[in-house]
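Take a look at the structure below.
Numbering (the working numbering), first residue to last: 41 to 223.
Written out as structure tokens, the structure is:
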């Protein structure tokens, strides 16, 4: 009986060792895990000016009650900006946010193995303290792995917040483009 237990233990240890060798080759280790052959370009859209940036306070008015009050205010000649005004145009004197910390982005392992490439365009919302509070996909890459990786990446970026004409930090949205390219 003791002989069978010893043989069983030897067989199990050998099997586990062989499985370990299989997984050792399948999962990159150490230097093999670097992404030198992958070019991931992170480009900020709208870099020339802070055009088309909407602050939380200046979203277009869409409810019937708000439109009625807007019409009443126009009759009284109050200064209300038009609904489709581009916030952050050069006349608005808004200083765009500056990236303070951009973490290293990793190419998803399964996407790399399957040879999946793509471009993701995100709209990220930056708070008054420079944190990314929301990231939404404007244009998908067509692959859920790349899209989710892009959102997780964007939420880790830190910014010097945008500032208004009085140099006060303001929340706003910007567009970010991430290219996943295998080489």
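Ideal Cβ placement from N, Cα and C applies to all residues, glycine included.
Would you call the stretch 157-166 and the stretch 186-203 touching, i.e. three or more CB-CB distances under 8 Å?
Enough Cβ pairs lie closer than 8 Å, so yes.
Please state whether the Cβ-Cβ distance between residue 145 and residue 194 is less than 7 Å.
Not closer than 7 Å, so no.
Which ranges does the beta strand (DSSP E) cover as unbroken runs of at least 3 residues, wholly within the stretch 142-168, from first to last along the chain?
List check, beta strand (DSSP E) in window: 158-166.
Rounded to whole angstroms, how far is the Cβ of residue 197 from the Cβ of residue 136, which I believe are closer than 8 Å?
Actually they do not touch by this definition, with Cβ atoms about 14 Å apart.
Along the chain, where does the alpha helix (DSSP H) that runs through residue 191 open and close?
Per DSSP, residue 191 belongs to the alpha helix (DSSP H) from 184-194.
Would you kindly work out how many angstroms separate the C-alpha atoms of residue 169 and residue 209, rounded to a whole number?
Residue 169 and residue 209: Cα-Cα distance of roughly 7 Å.
Do residue 138 and residue 214 have their C-beta atoms closer together than 7 Å?
Cβ distance not < 7 Å, so residue 138 and residue 214 don't count as in contact.
Near residue 178, which residues of its chain fall below 7 Å by C-beta distance, leaving aside the five closest residues on each side in sequence?
These residues qualify, in order along the chain: 161, 162, 163 and 215.
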